[in-house]
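These notes concern the structure reproduced below.
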Amino acid sequence: MATKLDISRLDFDGIKDNLKTFLSQQDEFTDYDFEGSGMNILLDVLAYNTHYLGYNANMLANEMYLDSADQRSSVVSLAKQVGYTPKSASSSIAKIDVLVNNGSGASITMSRGTKFTTTVDGTNYSFVNNADVSITPVDGVYKFSNLDIFEGTYLNYKYTANTSDTDQRFIIPNDNVDTTTLTVKVQNSSSDSTTNTYTLASGITALDSTSQVYFLQEVENGRFEVYFGDNVLGKAIADGNIVILDYITCNLDEPNGATTFTLSGTVGGFSNVTITTVGNAANGSAAETIKSIKYNAPRDYTSQDRAVTAEDYKVLVKSLYANAQSVQVYGGEDAATPDYGKVYISIKAKSGANLTEVTKASLVKSLKSFAVASVTPVIIDPETTFITLTTTFKFDSSLTTKDVSTLQTDVLNAITSYNTNTLENFTGMFRYSEALKTIDDADSSILSNITKVKMYKFITPTLSSALKYTLSFNNAFYNPHSGHNTGAGGIVSSTGFKINNDSSTNEHFLDDDGAGNIRVYYLSGTTRIYTSTSFGTIDYSTGEIILTSANITSISNVDGAASTKIRVTVQPDSNDVVPVRNQVLSIDTANSSFTGDIDEIESGSSQAGTGYTTTSSY
Numbered sequence: 001m002a003t004k005l006d007i008s009r010l011d012f013d014g015i016k017d018n019l020k021t022f023l024s025q026q027d028e029f030t031d032y033d034f035e036g037s038g039m040n041i042l043l044d045v046l047a048y049n050t051h052y053l054g055y056n057a058n059m060l061a062n063e064m065y066l067d068s069a070d071q072r073s074s075v076v077s078l079a080k081q082v083g084y085t086p087k088s089a090s091s092s093i094a095k096i097d098v099l100v101n102n103g104s105g106a107s108i109t110m111s112r113g114t115k116f117t118t119t120v121d122g123t124n125y126s127f128v129n130n131a132d133v134s135i136t137p138v139d140g141v142y143k144f145s146n147l148d149i150f151e152g153t154y155l156n157y158k159y160t161a162n163t164s165d166t167d168q169r170f171i172i173p174n175d176n177v178d179t180t181t182l183t184v185k186v187q188n189s190s191s192d193s194t195t196n197t198y199t200l201a202s203g204i205t206a207l208d209s210t211s212q213v214y215f216l217q218e219v220e221n222g223r224f225e226v227y228f229g230d231n232v233l234g235k236a237i238a239d240g241n242i243v244i245l246d247y248i249t250c251n252l253d254e255p256n257g258a259t260t261f262t263l264s265g266t267v268g269g270f271s272n273v274t275i276t277t278v279g280n281a282a283n284g285s286a287a288e289t290i291k292s293i294k295y296n297a298p299r300d301y302t303s304q305d306r307a308v309t310a311e312d313y314k315v316l317v318k319s320l321y322a323n324a325q326s327v328q329v330y331g332g333e334d335a336a337t338p339d340y341g342k343v344y345i346s347i348k349a350k351s352g353a354n355l356t357e358v359t360k361a362s363l364v365k366s367l368k369s370f371a372v373a374s375v376t377p378v379i380i381d382p383e384t385t386f387i388t389l390t391t392t393f394k395f396d397s398s399l400t401t402k403d404v405s406t407l408q409t410d411v412l413n414a415i416t417s418y419n420t421n422t423l424e425n426f427t428g429m430f431r432y433s434e435a436l437k438t439i440d441d442a443d444s445s446i447l448s449n450i451t452k453v454k455m456y457k458f459i460t461p462t463l464s465s466a467l468k469y470t471l472s473f474n475n476a477f478y479n480p481h482s483g484h485n486t487g488a489g490g491i492v493s494s495t496g497f498k499i500n501n502d503s504s505t506n507e508h509f510l511d512d513d514g515a516g517n518i519r520v521y522y523l524s525g526t527t528r529i530y531t532s533t534s535f536g537t538i539d540y541s542t543g544e545i546i547l548t549s550a551n552i553t554s555i556s557n558v559d560g561a562a563s564t565k566i567r568v569t570v571q572p573d574s575n576d577v578v579p580v581r582n583q584v585l586s587i588d589t590a591n592s593s594f595t596g597d598i599d600e601i602e603s604g605s606s607q608a609g610t611g612y613t614t615t616s617s618y
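If you want it as structure tokens, here you go:
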């Protein structure tokens, strides 16, 4: 009696072995040579076929679930089931003022699609306004203020509805469409030019059979489809209606940073204009990634279009602001100084600098419609705390053909990757042991490393004004006892600056006395001459430095270049550095050092360890 076929193994070798075992147990094949006959080929075919079928079945099963799907089409379809539409590409947006010189008339209208040009890194880009804007003169001056212009090409596409064609679809036929710029209009017919503008449906609870809304979904090839109601939830389009799609296609993040713009054409018939850039171009980005869709879709469903929890706010912000890379949210009760009734939101953009005040105001306005009435959203900028590493690593020269310089570059690249993938977001904690392991794993010949950690932040002072400046590291400083290292400057250092209460032209620096006081000094040779021993305070336990009344008149170069900032460096109490609230950690690789040294014992040049050198950990 033959045993049953074992189906527990689905790899090729396992399948073939199971088939051989099964056949050998049949009476007809008891003395058959499976390896030396043509039957071996047949078993290969059967095993391969079974393996392929098993693989395809497994992949098919994976594509049925959001967390395991790999194909974008599957992820998008599964997200649609929970009412989530992936975010499209985003145009880079700049804000400008346009002064029309020698303007005349009761008003001037800037038509939608008016073009402006700029250059970024030697490449020309076009920006357009996305709506008709009219102004009237104020004291004879014609000025368009705080005008948003979108990078890209303004396009128009039309469909004629054919209700008898059940397969008709209204797909936007272009890549990199910014759907936030989309305008959908429905014209009655080719003979009736009456046109109605439809709005994007944000839900179904307020819809009826007359609601002039459209729905949007991502379809094949990453393009977007517009569709309409069924005369129950939203008005259906009629046969012969002309669907008009106006939109902008963009070049993603390439134009970010554009600063200077020139009018191409006219504004209301006037070509003599003066353009002032209010906000540089920013926020251009690619369409939402598969990873992002997987993360945001279930959370968007959970939030149910309301903002109550911190997670709700994170999801809504990412939905409203496509350029958000990382979002941190915390209640006012958790602020450094408790501020009840507020929720603080910090956004780290994928590209560009911090959000402009106009963008912040727009986001706050949008969030208020989702928030509890008694809660006020407040958007604050992220604060970066930089980490510097001083590393000396030992390596076995017998295990590698690389020279020291190459190994040092490998370590630098490994730390750079760690910085990008682990840090530079609100939840990215610097774990000392992980950093050490990253260095050791940079090459198989590296045996160990000694790494010292420091951290720094910048002060951007208002020159020639006596002001208070606060630096919050939110991590304790190293101070084992009162007066620690007071003779050598404590644990604080800084780049140079000049102050007005020193009549000389001395370049000054900061240090501390180990007892809670920030001092300011200049150098006479190598001797520190203190201008003030109470320039500010330092709280070693909370990681806060306060310059109580600093009148700074000029700032020295930082890293060999002119600067508007003073760098203040400290030694942390723990080599594990934690980001708190709106804090983001980043390793400054340019000011870190990675030095390699041959391990003489392991390399065989010093069996007894004579002459072996070690590196101090402090």
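Mapping the sequence shown onto the working numbering, position 516 (from 1) lands on 516, and the numbers just tick up by one. Every residue gets a Cβ at the ideal spot worked out from N, C-alpha and C, and that includes glycine.
Subject >> Range of the contiguous beta strand (DSSP E) that encloses residue 168 >> reply: On the sequence shown, residue 168 is found 168 positions in, with the first residue counted as 1. Looking at the DSSP string, residue 168 is not in any beta strand (DSSP E), and its letter there is neither H nor E.
Original post:
Helix, strand or coil: how does DSSP classify residue 523 here?
Top reply: As a position in the sequence shown, residue 523 is number 523, starting the count at 1. The answer is strand: DSSP assigns residue 523 an E or B state.
**OP:** Any chance you could list the beta strand (DSSP E) runs of at least 3 consecutive residues sitting entirely within the segment 283-368, in chain order?
**Re:** The beta strand (DSSP E) runs lying completely inside the segment 283-368 and spanning 3 residues or more are 324-331 and 342-349, given in chain order.
Original post:
Per DSSP, what kind of secondary structure is residue 82 in: helix, strand or coil?
Top reply: By one-based count along the sequence shown, residue 82 stands at place 82. Note: residue 82 maps to coil in three-state DSSP.
Subject >> Alpha carbon of residue 513 to alpha carbon of residue 433, nearest angstrom >> reply: Position 513 of the sequence shown, counted from the first residue, corresponds to residue 513. Position 433 of the sequence shown, counted from the first residue, corresponds to residue 433. One Cα belongs to residue 513, the other to residue 433, and the distance between them is close to 31 Å.
Original post:
With burial defined as no fewer than 16 other Cβ atoms inside 10 Å of the residue's Cβ, what is the status of residue 19: buried or exposed?
Top reply: By one-based count along the sequence shown, residue 19 stands at place 19. With at least 16 other beta carbons inside 10 angstroms of its own, residue 19 counts as buried.
Subject >> Proximity below 8 Å, CB of residue 586 to CB of residue 460 >> reply: Translated into positions along the sequence shown, residue 586 becomes position 586. Translated into positions along the sequence shown, residue 460 becomes position 460. No, the Cβ-Cβ distance between residue 586 and residue 460 is not below 8 Å.
**OP:** Mind listing, in chain order, the continuous alpha helix (DSSP H) runs of no fewer than 4 residues lying wholly within the segment 461-491?
**Re:** Counting only runs of 4 or more, we get nothing.
Original post:
Who are the near neighbours of residue 644 in its chain, counting only those whose CB is closer than 6 Å to its CB and skipping five residues on each side?
Top reply: What the structure shows of the chain is the stretch from 1 to 618, and residue 644 is not part of that stretch, so it cannot be assessed.
Subject >> Integer-rounded CB distance, given that residue 144 should sit under 8 Å from residue 98 >> reply: Along the sequence shown, one-based indexing puts residue 98 at 98. Along the sequence shown, one-based indexing puts residue 144 at 144. Contact holds; Cβ gap of about 4 Å.
Subject >> Given residue 335 as reference, the closest of 601, 357, 482 and 580 once Cα atoms are compared >> reply: Numbered from its first residue, the sequence shown carries residue 335 at position 335. Looking at the Cα atoms, 580 is the closest of the given residues.
Subject >> CA-to-CA distance, residue 225 to residue 160, given in whole angstroms >> reply: Against the sequence shown, residue 160 aligns to sequence position 160. Against the sequence shown, residue 225 aligns to sequence position 225. When rounded, the separation of the alpha-carbon atoms in residue 160 and residue 225 is 15 Å.
Original post:
At a cut of 8 Å, does the segment 129-139 reach the segment 187-202 through at least three beta carbon pairs?
Top reply: Cβ pair count under 8 Å is below three, so no.
Original post:
In its own chain, which residues sit with a C-beta less than 7 Å from the C-beta of residue 114, not counting the 5 before and 5 after it?
Top reply: The residue given as residue 114 occupies position 114 in the sequence shown. Here the set comprises 128, 129, 265 and 267.
Subject >> Residue environment, residue 534, which counts as buried when at least 16 other CB atoms sit within 10 Å >> reply: Numbered from 1 along the sequence shown, position 534 holds the residue referred to as residue 534. The residue is exposed, with fewer than 16 neighbouring Cβ atoms inside 10 Å.
**OP:** Confirm, please, whether the CB-CB distance from residue 345 to residue 308 is below 8 Å.
**Re:** Within the sequence shown, residue 308 is the residue found at index 308, counting from 1. Within the sequence shown, residue 345 is the residue found at index 345, counting from 1. Cβ atoms of residue 308 and residue 345: not closer than 8 Å.
**OP:** Note down the Cα distance separating residue 297 from residue 84, rounded to an integer number of angstroms.
**Re:** Walking along the sequence shown from the start, residue 297 turns up at place 297. Walking along the sequence shown from the start, residue 84 turns up at place 84. Each residue's Cα considered, the two are about 6 Å apart.
Original post:
Count the other CB atoms within 10 Å of the CB of residue 557; is the residue buried (16 or more) or exposed (fewer)?
Top reply: Within the sequence shown, residue 557 is the residue found at index 557, counting from 1. Around the CB of residue 557, fewer than 16 other CB atoms lie within 10 Å, so the residue is classed as exposed.
Subject >> Cβ-based neighbour list, residue 176, same chain, cut-off 6 Å, excluding 5 preceding and 5 following >> reply: On the sequence shown, residue 176 is found 176 positions in, with the first residue counted as 1. Listed in chain order, the non-local C-beta contacts of residue 176 below 6 Å within the same chain comprise 89, 249 and 250, local neighbours out to five positions each way being set aside.
Original post:
For residue 220, does the count of other Cβ atoms within 10 angstroms reach 16, so buried, or fall short, so exposed?
Top reply: Within the sequence shown, numbered from 1, the residue matching residue 220 stands at position 220. So residue 220 ends up on the exposed side.
Subject >> Residues that DSSP places opposite residue 376 in a beta bridge >> reply: Taking the sequence shown and counting its residues from 1, the one referred to as residue 376 is at position 376. According to DSSP, residue 376 shares a beta bridge with 342.
**OP:** Report buried or exposed for residue 475, applying the criterion of at least 16 other Cβ atoms within 10 angstroms of its Cβ.
**Re:** If you number the sequence shown from 1, residue 475 lands on position 475. Counting other Cβ atoms within 10 Å of its Cβ, residue 475 reaches 16 or more and is therefore classed as buried.
Subject >> Through-space distance from residue 595 to residue 617, alpha-carbon basis >> reply: On the sequence shown, residue 617 is found 617 positions in, with the first residue counted as 1. On the sequence shown, residue 595 is found 595 positions in, with the first residue counted as 1. In a straight line, the C-alpha of residue 617 is about 14 Å away from that of residue 595.
**OP:** Leaving out five residues on either side along the sequence, give the residues of the same chain with a beta carbon under 6 Å from the beta carbon of residue 1.
**Re:** Counting from 1 along the sequence shown, the entry for residue 1 is found at position 1. Because residue 1 carries a pLDDT of 46, less than 50, the predicted location of this residue cannot be relied on, and the following value inherits that uncertainty. There are no such residues.
Subject >> Nearest-angstrom Cα separation, counted from residue 393 out to residue 343 >> reply: Within the sequence shown, residue 343 is the residue found at index 343, counting from 1. Within the sequence shown, residue 393 is the residue found at index 393, counting from 1. Residue 393 has its alpha-carbon roughly 45 Å from the corresponding atom of residue 343.
Subject >> Those residues which DSSP pairs with residue 544 across a bridge >> reply: Residue 544 sits at position 544 when you count from the first residue of the sequence shown. According to the DSSP secondary-structure assignment, residue 544 is paired through a beta bridge with 472 and 539.
Original post:
When the Cβ atoms of the segment 375-382 are set against those of the segment 398-408, are three or more pairs found closer than 8 Å?
Top reply: Cβ pair count under 8 Å is below three, so no.
Original post:
So what does DSSP say about residue 674, is it helix, strand or coil?
Top reply: It is not possible to answer for residue 674, since the shown part of the chain is limited to 1 through 618.
Original post:
Where does residue 567 sit, in a helix, a strand or coil, going by DSSP?
Top reply: Taking the first residue of the sequence shown as 1, we reach residue 567 at position 567. The answer is strand: DSSP assigns residue 567 an E or B state.
**OP:** Give the secondary structure of residue 183 by DSSP, where H, G and I count as helix, E and B as strand, and everything else as coil.
**Re:** Translated into the one-based positions of the sequence shown, residue 183 becomes position 183. Note: residue 183 maps to strand in three-state DSSP.
Original post:
Between residue 386 and residue 70, is the Cβ-Cβ spacing less than 8 Å?
Top reply: Counted from its first residue, the sequence shown places residue 386 at position 386. Counted from its first residue, the sequence shown places residue 70 at position 70. 8 Å or more divides the Cβ of residue 386 from the Cβ of residue 70.
Original post:
With DSSP run on the structure shown, which of helix, strand or coil describes residue 410?
Top reply: Walking along the sequence shown from the start, residue 410 turns up at place 410. DSSP places residue 410 in helix when its eight states are reduced to three.
Original post:
Which whole-angstrom value is the C-beta distance of residue 395 and residue 584, which I expect to be below 8 Å?
Top reply: In the sequence shown, counting from the first residue as 1, residue 395 sits at position 395. In the sequence shown, counting from the first residue as 1, residue 584 sits at position 584. Going by Cβ atoms, the distance from residue 395 to residue 584 rounds to 33 Å, so no, they are not a contact pair.
Original post:
Is residue 440 helix, strand or coil when you go by DSSP?
Top reply: Locating residue 440 in the sequence shown gives position 440, where the first residue counts as 1. Residue state, collapsed to three classes: helix.
Original post:
Could you give the residue range of the alpha helix (DSSP H) that holds residue 14?
Top reply: Residue mapping note: residue 14 aligns to position 14 of the sequence shown, counting from 1. For residue 14, the uninterrupted alpha helix (DSSP H) run begins and ends at 12-24, by DSSP.
**OP:** List the endpoints of the continuous beta strand (DSSP E) containing residue 243.
**Re:** Locating residue 243 in the sequence shown gives position 243, where the first residue counts as 1. Looking at the DSSP string, the run of the beta strand (DSSP E) that includes residue 243 is 242-249.
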